[in-house]
Amino acid sequence: MCQLKLDPLQRQWFLGPGLMLWIGIYLTGFDVVHWLIYVPATMAVFAFATGICPGQVLICKRREWFKKLRSSK
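This note's numbering numbers the first residue of the sequence shown as 4 and each following residue consecutively.
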C-alpha cells in the first residue's frame with residue numbers, strides 16, 4: 004500500500020509552484036490563459052491544502068492495478 008498523505012515539508016513544496024502558476028495566470032489574464040494550465044495550478048494548491056497529492060494517488064492506484072494484473076497470470 005502506498006503512502007497517500009504528504010509530509011508537512013512536501014506540502015510546503017507544492018505551495019511555491021502553485022502560487023507561481025496562479026500569479027502567472029493572474030498577470031496574463033484569466034481569459035487569455037488556456038484552460039489546461041489551471042489543472043496543475045489547482046492540483047498543487049489542493050495538495051498543499053489537504054496533504055493529498057492527486058498525481059501520487061493516480062500513480063499508486065496504477066501500480067496496485069498492474070501488480071494485481073501480474074499476479075492473476
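Ideal Cβ positions, reconstructed from N, Cα and C, are used throughout, including at glycine.
Enclosing alpha helix (DSSP H) for residue i [first to last residue]
{"i": "K64", "result": "57-74"}
{"i": "Q6", "result": "No alpha helix (DSSP H) contains Q6, which DSSP labels as neither H nor E."}
{"i": "W25", "result": "11-31"}
{"i": "V48", "result": "41-53"}
Rounded straight-line distance, which links the Cα of residue j to that of residue i
{"i": "F17", "j": "G54", "result": "10 Å"}
Exposure label - residue i; buried when at least 16 CB within 10 Å
{"i": "F51", "result": "buried"}
{"i": "L72", "result": "exposed"}
{"i": "L24", "result": "buried"}
{"i": "C56", "result": "buried"}
Identity of the residue in the options nearest residue i by Cα
{"i": "P20", "options": "Y41, C5, H37", "result": "Y41"}
{"i": "I26", "options": "G58, R65, T45", "result": "T45"}
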